[in-house]
Amino acid sequence: MLSKRSLFLLLVTILMVGCESVDFYQSINPSDLYDSNYFENSLQNNLIVDSNSSSNLDNDSGLSIGMKNDLKAFDYYKIAIDNFRKKENYKIVGIGNVYSIINQKVNSTNIKNNNQYFTESLSKSSPGLINIAIGERYYKENEIKIYYGTPNETATEAKWNQDGEMVDEEEFFSRYYKKLSDPFPYIISSKTVIKEETIDKSKFKLTLDPTLSVYYYSKQMQYISQLDQLPIFSKVEFFFEIDGHYDFKTIKILEDYKTKKFLSVNCSADMRLYFSYKIASIPSLDENCSYSID
68 MLSKRSLFLL LVTILMVGCE SVDFYQSINP SDLYDSNYFE NSLQNNLIVD SNSSSNLDND
128 SGLSIGMKND LKAFDYYKIA IDNFRKKENY KIVGIGNVYS IINQKVNSTN IKNNNQYFTE
188 SLSKSSPGLI NIAIGERYYK ENEIKIYYGT PNETATEAKW NQDGEMVDEE EFFSRYYKKL
248 SDPFPYIISS KTVIKEETID KSKFKLTLDP TLSVYYYSKQ MQYISQLDQL PIFSKVEFFF
308 EIDGHYDFKT IKILEDYKTK KFLSVNCSAD MRLYFSYKIA SIPSLDENCS YSID
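In this text, residue positions in the sequence shown follow the numbering used here: the first is 68, and each later residue adds one.
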């Protein structure tokens, strides 16, 4: 007899066959893709204090822990994401590339300082017949202010339009399908992880369902890039590195997908996220973010 998850995936597959131009997510309730509790009591019982663990944190507001050897890769993720959600300060620098008939550089910065949030997202294609140049910044304290700009050739700086647009959180989510407090727009849960691998004590890999995990991310891509239809993913892989306190240090994301804007194109993408938990200043509109990794 098929499990509930297998039946769900079978239904999604049936909806997708022959319907690439149709929003095949319309019959899915995204709340069904999340776990009711990331950090179960059964997992807490497997934590042990590791007095020898080291961390580069100035202000460790998460857990300082060691792990028993019987935990799996997804357990490590649940500990790390629980830690992340408790942070008062962090900075995430993302550096990536998209490879297709038009190659793109994709860079991002996410900063949290207590109740203030900042995101910069830059994308620039290599010189050619088609030019892709997308620059956006989001500032949030109470409401969210959005600025649009034109990135340079390396997607490390941008010229920003001084006229920002103010939106509330509901309007922001309806466009970008992401909260500014989320480290990434993917859904990672027991419903979307199809394979987990522990590489060593600090590194592990999660392979995600390429349809369910990108429920929100595919919609975000369609909105930002003004695609003709939702992208169709065939691979989503996460490689995690954590420190001695089980905080994220780096995350590498590999993707394969097909997208359509005038014509269908197969794409491969890689993104590396670098995490720091020291207090980072939020740049003004006239200041640039740094994309050098120490």
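Backbone N, C-alpha and C fix where the C-beta goes; we use that ideal spot for every residue, glycine too.
Could you tell me the distance, in whole angstroms, from the CA atom of residue i to the CA atom of residue j?
i: PHE271; j: LEU352; result: 37 Å
i: SER103; j: GLY231; result: 37 Å
i: PHE141; j: GLN229; result: 43 Å
i: LEU189; j: THR176; result: 9 Å
i: LYS226; j: GLU187; result: 12 Å
i: ALA347; j: ASN156; result: 8 Å
i: SER269; j: LEU100; result: 27 Å
i: ASP295; j: LYS327; result: 6 Å
i: GLN93; j: LEU297; result: 12 Å
i: TYR215; j: ASP137; result: 48 Å
i: PHE329; j: ILE197; result: 12 Å
So, for residue i: in the same chain, excluding its five sequence neighbours on each side, which residues have a beta-carbon less than 7 Å away from its beta-carbon?
i: LYS245; result: PRO252, TYR283, GLN287
i: THR265; result: LYS139, ALA140, PHE271
i: ALA222; result: LYS172, VAL173, ASN174, LEU189, SER190, LYS191
i: GLU220; result: LYS191
Check residue i in the structure and name its three-state DSSP category.
i: PRO252; result: coil
i: PRO350; result: coil
i: GLU64; result: Since the displayed the chain opens at 68 and closes at 361, residue 64 lies outside it and no answer follows.
i: TYR214; result: strand
i: LEU247; result: coil
Beta-carbon separation of residue i and residue j under 8 Å?
i: VAL165; j: CYS334; result: yes
i: TYR341; j: ILE159; result: yes
i: PHE307; j: PHE300; result: no
i: ASP276; j: LYS302; result: no
i: TYR184; j: TYR243; result: no
i: ASN180; j: GLY161; result: no
i: LYS191; j: PRO218; result: yes
i: SER193; j: ILE211; result: no
I'd like the list of long-range same chain contacts for residue i, defined as Cβ closer than 8 Å, with 5 residues on each side in sequence excluded.
i: PRO97; result: ILE254, TYR282, TYR283
i: ILE349; result: ILE178, ASN180, GLN183, PHE185, TYR206
Check the Cβ-Cβ distances between residue i and every residue of chain E, and say whether any is below 8 Å.
i: TYR157; result: Of the protein chains in this structure there is only one, and it is not chain E.
Does the ligand MN have a heavy atom nearer than 7 Å to the CB of residue i?
i: THR176; result: This structure does not include the ligand MN; it has no bound ligands of any sort.
Using a Cβ-Cβ cutoff of less than 6 Å, which residues in the same chain neighbour residue i once the five nearest sequence positions on both sides are dropped?
i: SER343; result: LYS158
i: ALA336; result: VAL165, GLU322
i: ARG339; result: ILE162, LYS319
i: LYS258; result: LEU100
Which parts of the stretch 260–346 are runs of the beta strand (DSSP E), unbroken and 3 residues or longer, counting only runs that do not cross its ends? Runs of the beta strand (DSSP E) inside the stretch 260–346: 260–267, 270–275, 299–309, 315–328, 330–343.
Every unbroken beta strand (DSSP E) within the stretch 123–205, with a cutoff of 3 residues, ordered by chain: Every beta strand (DSSP E) of 3 residues or more that sits fully in the stretch 123–205 is shown, in chain order, as 156–166, 171–180, 183–192.
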